[in-house]
Amino acid sequence: MDQDQKWMRVALKQAELGLGRTAPNPCVGAVIVKNGELVGKGYHRKAGGPHAEVEAIRDAGEAAIGATCLVTLEPCCFHGRTPACTDALIRAGVSRVVFAVRDPNPKVAGRGSQILQEAGIEVKAGVCEEDAAFLNRHFFHFIQEKTPFVTWKYAMTADGKIATHTGESKWITGVEARKEVQHLRFISDAILVGAGTVRADNPALTLRLEGEPKELLRVILDDRKGLGPNFEVFQSGETRPTMLFSNFDYCSSDLQSFNKQGVEVVSSPGPHELRAILETLARRDIVHLMVEGGSQVLGSFLAERLVQEIWAFIGSKLIGGQAAPGPVGGLGVSDLSDAMKLSPFETRQSGLDVLVKYTVGG
568 MDQDQKWMRV ALKQAELGLG RTAPNPCVGA VIVKNGELVG KGYHRKAGGP
618 HAEVEAIRDA GEAAIGATCL VTLEPCCFHG RTPACTDALI RAGVSRVVFA
668 VRDPNPKVAG RGSQILQEAG IEVKAGVCEE DAAFLNRHFF HFIQEKTPFV
718 TWKYAMTADG KIATHTGESK WITGVEARKE VQHLRFISDA ILVGAGTVRA
768 DNPALTLRLE GEPKELLRVI LDDRKGLGPN FEVFQSGETR PTMLFSNFDY
818 CSSDLQSFNK QGVEVVSSPG PHELRAILET LARRDIVHLM VEGGSQVLGS
868 FLAERLVQEI WAFIGSKLIG GQAAPGPVGG LGVSDLSDAM KLSPFETRQS
918 GLDVLVKYTV GG
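So this is what it looks like as C-alpha coordinates:
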(Lines of atoms letter the chains of each structure in order from A; the text may use other names.)
(Lines give C-alpha, C1' and ligand atoms only; values in the text may rest on other atoms or scores of the structure.)
Protein backbone atom coordinates (compact mmCIF):
# COMPACT_ATOMS: atom_id res chain seq x y z
CA MET A 568 0.00 0.00 0.00
CA ASP A 569 1.46 3.38 -0.99
CA GLN A 570 1.28 6.45 1.26
CA ASP A 571 -1.75 7.95 -0.50
CA GLN A 572 -3.72 4.74 0.01
CA LYS A 573 -2.61 4.54 3.62
CA TRP A 574 -3.80 8.04 4.47
CA MET A 575 -6.94 7.78 2.34
CA ARG A 576 -8.01 4.82 4.46
CA VAL A 577 -7.68 7.06 7.51
CA ALA A 578 -9.86 9.63 5.73
CA LEU A 579 -12.44 6.92 4.96
CA LYS A 580 -12.59 6.01 8.65
CA GLN A 581 -13.26 9.67 9.37
CA ALA A 582 -16.04 9.73 6.76
CA GLU A 583 -17.75 6.72 8.38
CA LEU A 584 -18.27 8.82 11.52
CA GLY A 585 -20.82 10.86 9.57
CA LEU A 586 -22.99 7.91 8.48
CA GLY A 587 -26.65 8.62 9.15
CA ARG A 588 -26.03 12.25 10.09
CA THR A 589 -25.36 14.24 6.91
CA ALA A 590 -28.40 13.94 4.58
CA PRO A 591 -28.92 15.36 2.05
CA ASN A 592 -25.13 15.71 1.90
CA PRO A 593 -22.62 12.87 1.45
CA CYS A 594 -20.39 11.42 4.17
CA VAL A 595 -16.90 12.88 3.70
CA GLY A 596 -13.66 12.54 5.63
CA ALA A 597 -10.38 14.40 5.16
CA VAL A 598 -6.85 14.31 6.55
CA ILE A 599 -3.92 16.71 6.22
CA VAL A 600 -0.50 15.07 5.90
CA LYS A 601 2.88 16.80 5.96
CA ASN A 602 6.30 15.19 5.79
CA GLY A 603 4.69 11.79 6.19
CA GLU A 604 2.84 12.71 9.39
CA LEU A 605 -0.81 13.35 10.13
CA VAL A 606 -1.27 16.99 11.13
CA GLY A 607 -5.05 17.39 10.80
CA LYS A 608 -8.23 15.37 10.34
CA GLY A 609 -11.96 15.97 10.16
CA TYR A 610 -15.29 14.80 8.81
CA HIS A 611 -18.61 16.30 7.77
CA ARG A 612 -20.77 16.03 10.89
CA LYS A 613 -24.14 17.28 9.66
CA ALA A 614 -25.79 19.19 6.82
CA GLY A 615 -25.18 22.90 7.27
CA GLY A 616 -22.04 22.28 9.32
CA PRO A 617 -18.41 22.63 8.18
CA HIS A 618 -17.30 20.21 5.49
CA ALA A 619 -14.54 17.66 6.12
CA GLU A 620 -11.81 19.70 4.44
CA VAL A 621 -12.59 22.73 6.60
CA GLU A 622 -12.55 20.61 9.77
CA ALA A 623 -9.18 19.10 8.79
CA ILE A 624 -7.69 22.50 7.91
CA ARG A 625 -8.79 23.94 11.26
CA ASP A 626 -7.26 20.95 13.02
CA ALA A 627 -3.96 21.36 11.15
CA GLY A 628 -3.66 25.13 11.54
CA GLU A 629 -0.52 26.59 9.93
CA ALA A 630 0.80 23.07 9.36
CA ALA A 631 -1.59 22.89 6.37
CA ILE A 632 0.72 25.22 4.38
CA GLY A 633 2.53 23.11 1.79
CA ALA A 634 0.81 19.93 2.99
CA THR A 635 -1.31 17.29 1.24
CA CYS A 636 -5.05 17.06 1.85
CA LEU A 637 -6.56 13.63 1.24
CA VAL A 638 -10.35 13.69 1.01
CA THR A 639 -12.84 10.94 0.23
CA LEU A 640 -14.90 12.98 -2.27
CA GLU A 641 -13.98 15.63 -4.82
CA PRO A 642 -13.97 19.01 -3.00
CA CYS A 643 -17.09 21.09 -3.59
CA CYS A 644 -16.72 24.31 -5.56
CA PHE A 645 -19.98 26.17 -4.97
CA HIS A 646 -21.40 28.18 -2.10
CA GLY A 647 -24.43 26.40 -0.64
CA ARG A 648 -25.23 26.34 3.07
CA THR A 649 -21.46 26.57 3.58
CA PRO A 650 -18.65 28.14 1.49
CA ALA A 651 -16.84 26.20 -1.24
CA CYS A 652 -14.17 23.77 0.00
CA THR A 653 -11.96 24.57 -3.00
CA ASP A 654 -11.68 28.16 -1.69
CA ALA A 655 -10.78 26.90 1.80
CA LEU A 656 -8.06 24.62 0.43
CA ILE A 657 -6.56 27.40 -1.68
CA ARG A 658 -6.57 29.84 1.25
CA ALA A 659 -5.00 27.23 3.54
CA GLY A 660 -2.01 26.95 1.22
CA VAL A 661 -2.05 23.19 0.66
CA SER A 662 0.20 22.14 -2.19
CA ARG A 663 -1.52 18.88 -3.11
CA VAL A 664 -5.05 17.44 -2.98
CA VAL A 665 -5.81 13.74 -3.34
CA PHE A 666 -9.43 12.67 -3.57
CA ALA A 667 -10.99 9.23 -3.84
CA VAL A 668 -13.99 9.64 -6.13
CA ARG A 669 -15.58 12.35 -8.26
CA ASP A 670 -18.70 14.02 -6.95
CA PRO A 671 -21.69 13.06 -9.15
CA ASN A 672 -23.42 16.35 -8.30
CA PRO A 673 -23.40 18.30 -11.60
CA LYS A 674 -22.55 21.46 -9.64
CA VAL A 675 -19.20 19.86 -8.78
CA ALA A 676 -18.38 16.95 -11.11
CA GLY A 677 -14.89 17.75 -12.41
CA ARG A 678 -15.08 21.48 -11.65
CA GLY A 679 -13.69 21.13 -8.14
CA SER A 680 -10.60 19.42 -9.48
CA GLN A 681 -10.23 22.00 -12.27
CA ILE A 682 -10.42 24.99 -9.90
CA LEU A 683 -7.73 23.53 -7.65
CA GLN A 684 -5.41 22.84 -10.60
CA GLU A 685 -5.90 26.35 -11.94
CA ALA A 686 -4.81 27.64 -8.53
CA GLY A 687 -1.52 25.75 -8.87
CA ILE A 688 -2.44 22.84 -6.59
CA GLU A 689 -1.42 19.35 -7.66
CA VAL A 690 -4.50 17.09 -7.86
CA LYS A 691 -4.71 13.31 -7.86
CA ALA A 692 -7.98 11.37 -8.19
CA GLY A 693 -9.10 7.76 -7.83
CA VAL A 694 -7.28 6.63 -4.67
CA CYS A 695 -9.46 3.98 -2.92
CA GLU A 696 -12.20 4.93 -5.38
CA GLU A 697 -14.34 1.80 -5.03
CA ASP A 698 -14.39 1.98 -1.24
CA ALA A 699 -15.31 5.67 -1.28
CA ALA A 700 -18.08 5.15 -3.85
CA PHE A 701 -19.52 2.28 -1.82
CA LEU A 702 -19.50 4.36 1.35
CA ASN A 703 -21.57 7.04 -0.40
CA ARG A 704 -23.72 4.70 -2.50
CA HIS A 705 -26.89 6.15 -0.95
CA PHE A 706 -25.90 9.71 -1.89
CA PHE A 707 -24.73 8.77 -5.39
CA HIS A 708 -28.05 7.05 -6.15
CA PHE A 709 -30.00 10.00 -4.71
CA ILE A 710 -28.15 12.48 -6.94
CA GLN A 711 -28.28 10.38 -10.10
CA GLU A 712 -31.80 8.91 -9.84
CA LYS A 713 -33.59 11.70 -7.91
CA THR A 714 -35.08 9.08 -5.58
CA PRO A 715 -33.90 7.68 -2.24
CA PHE A 716 -31.64 4.65 -2.10
CA VAL A 717 -33.91 1.84 -0.83
CA THR A 718 -32.70 -0.81 1.60
CA TRP A 719 -35.15 -3.62 2.28
CA LYS A 720 -34.78 -5.34 5.65
CA TYR A 721 -36.51 -8.55 6.62
CA ALA A 722 -36.09 -11.33 9.15
CA MET A 723 -37.03 -14.92 8.36
CA THR A 724 -36.52 -18.35 9.85
CA ALA A 725 -34.12 -20.88 8.40
CA ASP A 726 -37.05 -22.28 6.40
CA GLY A 727 -37.97 -18.90 4.94
CA LYS A 728 -40.94 -17.88 7.13
CA ILE A 729 -41.57 -14.40 8.51
CA ALA A 730 -44.38 -15.46 10.86
CA THR A 731 -46.40 -18.48 11.95
CA HIS A 732 -49.65 -19.37 10.18
CA THR A 733 -51.45 -17.42 12.93
CA GLY A 734 -49.39 -14.29 12.23
CA GLU A 735 -47.06 -14.39 15.26
CA SER A 736 -43.64 -12.94 14.37
CA LYS A 737 -42.00 -11.80 17.62
CA TRP A 738 -39.25 -12.67 17.65
CA ILE A 739 -37.76 -14.39 14.58
CA THR A 740 -34.26 -13.20 15.53
CA GLY A 741 -32.39 -12.53 18.77
CA VAL A 742 -31.22 -9.43 20.61
CA GLU A 743 -27.97 -9.02 18.66
CA ALA A 744 -29.75 -9.04 15.29
CA ARG A 745 -32.31 -6.52 16.54
CA LYS A 746 -29.43 -4.21 17.50
CA GLU A 747 -28.24 -4.46 13.89
CA VAL A 748 -31.71 -3.36 12.78
CA GLN A 749 -31.40 -0.27 14.99
CA HIS A 750 -28.07 0.50 13.33
CA LEU A 751 -29.73 0.28 9.92
CA ARG A 752 -32.45 2.65 11.13
CA PHE A 753 -29.76 5.05 12.30
CA ILE A 754 -27.97 5.18 8.94
CA SER A 755 -31.34 5.68 7.18
CA ASP A 756 -33.27 8.93 6.89
CA ALA A 757 -36.75 7.39 6.85
CA ILE A 758 -38.44 4.06 7.54
CA LEU A 759 -41.44 2.82 5.54
CA VAL A 760 -44.09 0.22 6.38
CA GLY A 761 -47.55 -0.62 5.08
CA ALA A 762 -50.91 -0.46 6.81
CA GLY A 763 -50.87 -4.23 7.36
CA THR A 764 -47.74 -4.01 9.48
CA VAL A 765 -49.23 -1.17 11.51
CA ARG A 766 -52.34 -3.25 12.24
CA ALA A 767 -50.47 -6.49 12.95
CA ASP A 768 -47.58 -5.16 15.06
CA ASN A 769 -48.64 -1.66 16.15
CA PRO A 770 -44.99 -0.51 15.94
CA ALA A 771 -43.64 2.84 17.12
CA LEU A 772 -40.92 2.79 14.41
CA THR A 773 -38.56 4.73 16.64
CA LEU A 774 -34.79 4.69 16.90
CA ARG A 775 -33.66 2.90 20.04
CA LEU A 776 -29.92 3.53 20.31
CA GLU A 777 -28.64 4.96 23.57
CA GLY A 778 -26.88 8.29 23.20
CA GLU A 779 -27.75 8.54 19.49
CA PRO A 780 -30.63 11.02 19.15
CA LYS A 781 -31.95 11.30 15.62
CA GLU A 782 -35.14 12.38 13.92
CA LEU A 783 -36.23 9.50 11.70
CA LEU A 784 -39.14 10.14 9.34
CA ARG A 785 -41.83 7.43 9.62
CA VAL A 786 -43.65 6.74 6.32
CA ILE A 787 -46.88 4.73 6.29
CA LEU A 788 -48.53 3.42 3.12
CA ASP A 789 -52.28 3.25 3.67
CA ASP A 790 -54.68 0.77 2.03
CA ARG A 791 -58.38 0.63 1.19
CA LYS A 792 -59.35 -0.10 4.79
CA GLY A 793 -57.75 3.03 6.23
CA LEU A 794 -55.98 3.45 9.56
CA GLY A 795 -57.35 5.11 12.67
CA PRO A 796 -55.25 7.77 14.42
CA ASN A 797 -54.91 5.68 17.59
CA PHE A 798 -52.04 3.45 16.46
CA GLU A 799 -48.71 3.84 18.26
CA VAL A 800 -46.86 5.18 15.21
CA PHE A 801 -49.17 8.21 15.13
CA GLN A 802 -49.07 9.00 18.84
CA SER A 803 -45.65 10.67 18.76
CA GLY A 804 -46.18 12.55 15.50
CA GLU A 805 -45.75 15.89 17.29
CA THR A 806 -42.17 15.04 18.21
CA ARG A 807 -41.25 12.63 15.42
CA PRO A 808 -42.17 13.40 11.79
CA THR A 809 -44.72 11.03 10.31
CA MET A 810 -46.21 10.90 6.80
CA LEU A 811 -49.30 8.88 5.89
CA PHE A 812 -49.71 8.34 2.14
CA SER A 813 -53.38 7.62 1.58
CA ASN A 814 -56.36 7.96 -0.73
CA PHE A 815 -58.72 6.62 1.91
CA ASP A 816 -61.74 8.83 2.56
CA TYR A 817 -61.14 9.69 6.22
CA CYS A 818 -63.84 11.46 8.20
CA SER A 819 -63.12 15.02 9.31
CA SER A 820 -62.63 14.02 12.97
CA ASP A 821 -59.91 11.51 12.04
CA LEU A 822 -58.18 14.09 9.85
CA GLN A 823 -58.34 16.59 12.71
CA SER A 824 -56.82 13.98 15.04
CA PHE A 825 -54.01 13.27 12.58
CA ASN A 826 -53.39 17.00 12.28
CA LYS A 827 -53.30 17.49 16.07
CA GLN A 828 -50.86 14.60 16.41
CA GLY A 829 -48.53 16.15 13.84
CA VAL A 830 -49.17 13.47 11.21
CA GLU A 831 -49.00 14.71 7.62
CA VAL A 832 -51.63 13.00 5.46
CA VAL A 833 -50.56 13.05 1.80
CA SER A 834 -52.70 11.97 -1.14
CA SER A 835 -51.10 9.00 -2.90
CA PRO A 836 -49.74 10.34 -6.17
CA GLY A 837 -51.31 8.14 -8.86
CA PRO A 838 -50.85 5.03 -11.00
CA HIS A 839 -47.07 4.73 -10.55
CA GLU A 840 -47.58 5.21 -6.85
CA LEU A 841 -44.40 3.85 -5.31
CA ARG A 842 -42.04 5.70 -7.64
CA ALA A 843 -44.02 8.90 -7.17
CA ILE A 844 -43.86 8.44 -3.40
CA LEU A 845 -40.10 8.00 -3.61
CA GLU A 846 -39.84 11.19 -5.67
CA THR A 847 -41.88 13.00 -3.01
CA LEU A 848 -39.53 11.73 -0.31
CA ALA A 849 -36.50 12.81 -2.33
CA ARG A 850 -37.89 16.34 -2.42
CA ARG A 851 -37.92 16.12 1.39
CA ASP A 852 -34.17 15.35 1.31
CA ILE A 853 -34.63 11.66 2.15
CA VAL A 854 -31.46 10.10 0.76
CA HIS A 855 -31.70 6.60 2.28
CA LEU A 856 -35.03 4.86 2.84
CA MET A 857 -35.35 1.70 4.91
CA VAL A 858 -38.33 -0.45 3.91
CA GLU A 859 -39.45 -2.70 6.76
CA GLY A 860 -42.99 -3.44 5.67
CA GLY A 861 -44.81 -6.72 5.31
CA SER A 862 -44.77 -9.11 2.39
CA GLN A 863 -47.26 -7.14 0.26
CA VAL A 864 -45.31 -3.87 0.47
CA LEU A 865 -42.03 -5.66 -0.18
CA GLY A 866 -43.55 -7.53 -3.10
CA SER A 867 -44.68 -4.24 -4.64
CA PHE A 868 -41.25 -2.64 -4.26
CA LEU A 869 -39.55 -5.64 -5.83
CA ALA A 870 -42.09 -5.90 -8.66
CA GLU A 871 -41.27 -2.31 -9.64
CA ARG A 872 -37.52 -2.87 -9.22
CA LEU A 873 -37.24 -0.10 -6.62
CA VAL A 874 -34.90 -1.85 -4.16
CA GLN A 875 -31.14 -1.30 -4.28
CA GLU A 876 -29.97 -3.29 -1.25
CA ILE A 877 -31.27 -6.08 0.99
CA TRP A 878 -30.40 -6.90 4.58
CA ALA A 879 -31.68 -10.44 5.19
CA PHE A 880 -31.63 -11.70 8.77
CA ILE A 881 -31.89 -15.49 8.96
CA GLY A 882 -33.06 -16.64 12.37
CA SER A 883 -32.01 -19.92 13.94
CA LYS A 884 -35.57 -21.25 14.10
CA LEU A 885 -37.88 -23.43 12.01
CA ILE A 886 -41.62 -22.74 11.74
CA GLY A 887 -42.82 -24.97 8.93
CA GLY A 888 -46.27 -25.16 7.39
CA GLN A 889 -47.50 -24.12 3.97
CA ALA A 890 -49.71 -21.38 5.41
CA ALA A 891 -46.84 -19.61 7.18
CA PRO A 892 -45.88 -16.59 5.02
CA GLY A 893 -42.57 -15.83 3.38
CA PRO A 894 -40.98 -12.37 3.08
CA VAL A 895 -42.22 -11.44 -0.41
CA GLY A 896 -45.88 -11.23 -1.39
CA GLY A 897 -47.55 -10.74 -4.75
CA LEU A 898 -47.44 -13.14 -7.68
CA GLY A 899 -43.69 -13.21 -8.15
CA VAL A 900 -42.07 -14.31 -11.40
CA SER A 901 -43.41 -17.21 -13.46
CA ASP A 902 -40.10 -18.00 -15.15
CA LEU A 903 -36.93 -18.54 -13.12
CA SER A 904 -34.92 -16.66 -15.73
CA ASP A 905 -36.83 -13.53 -14.68
CA ALA A 906 -35.80 -13.88 -11.04
CA MET A 907 -34.10 -10.83 -9.56
CA LYS A 908 -30.33 -11.28 -9.41
CA LEU A 909 -28.55 -10.55 -6.13
CA SER A 910 -24.88 -10.11 -5.26
CA PRO A 911 -23.97 -10.76 -1.60
CA PHE A 912 -21.36 -8.33 -0.31
CA GLU A 913 -21.32 -9.22 3.39
CA THR A 914 -22.23 -12.31 5.39
CA ARG A 915 -21.69 -12.62 9.13
CA GLN A 916 -23.09 -14.12 12.27
CA SER A 917 -25.16 -11.92 14.57
CA GLY A 918 -25.65 -13.80 17.80
CA LEU A 919 -27.31 -17.09 16.86
CA ASP A 920 -28.59 -15.58 13.61
CA VAL A 921 -26.99 -14.76 10.27
CA LEU A 922 -27.06 -11.44 8.42
CA VAL A 923 -26.59 -11.47 4.65
CA LYS A 924 -26.37 -8.16 2.78
CA TYR A 925 -27.08 -8.11 -0.96
CA THR A 926 -26.77 -5.61 -3.75
CA VAL A 927 -29.79 -5.95 -6.01
CA GLY A 928 -29.06 -6.54 -9.68
CA GLY A 929 -25.29 -6.49 -9.10
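Residue numbers (our numbering): 568 to 929. The beta-carbon is built from N, C-alpha and C at its ideal position, and this holds for glycine as well.
{"Asked": "According to DSSP, residues forming a beta bridge with Ala597", "Found": "Gly609 and Val638"}
{"Asked": "Through-space distance from Gly829 to Leu702, alpha-carbon basis", "Found": "34 Å"}
{"Asked": "Start-to-end residues for the beta strand (DSSP E) that takes in Ser834", "Found": "Val830 to Ser834"}
{"Asked": "The stretch 635-642 in contact with the stretch 662-670 per 3-pair CB rule at 8 Å", "Found": "yes"}
{"Asked": "Reduced DSSP category for His855 - H, G, I as helix; E, B as strand; rest coil", "Found": "strand"}
{"Asked": "Beta-carbon gap between Glu723 and Gly882 smaller than 8 Å", "Found": "Residue 723 is actually Met in this sequence, not Glu. In this structure, Gly882 lies closer than 8 Å to Met723 by Cβ."}
{"Asked": "Completely contained beta strand (DSSP E) runs for the stretch 756-801, where each covers 3 or more residues", "Found": "757-761 and 784-788"}
{"Asked": "Supposed contact pair Leu759 and Val833 - C-beta distance, whole angstroms, cut 8 Å", "Found": "Between Leu759 and Val833 the Cβ distance is about 13 Å, and since that is not below 8 Å, they are no contact."}
{"Asked": "For Ile877: DSSP bridge partner residues", "Found": "Trp719 and Tyr925"}
{"Asked": "Val927 versus Met907 - alpha carbon distance", "Found": "7 Å"}
{"Asked": "Three-state secondary structure (DSSP) of Arg663", "Found": "strand"}
{"Asked": "Where Gly679 falls, given that 16 or more other Cβ within 10 Å makes a residue buried", "Found": "buried"}
{"Asked": "Where Phe931 falls: helix, strand or coil (DSSP)", "Found": "Shown here, the chain extends from 568 to 929; a query on residue 931 therefore has no answer."}
{"Asked": "Delimiting residues of the beta strand (DSSP E) encompassing Gln889", "Found": "From DSSP, Gln889 is part of no beta strand (DSSP E); its letter is neither H nor E."}
{"Asked": "Whole-angstrom distance between Lys608 and His705, CA atom to CA atom", "Found": "24 Å"}
{"Asked": "Unbroken beta strand (DSSP E) run spanning Val690, endpoints", "Found": "Glu689 to Ala692"}
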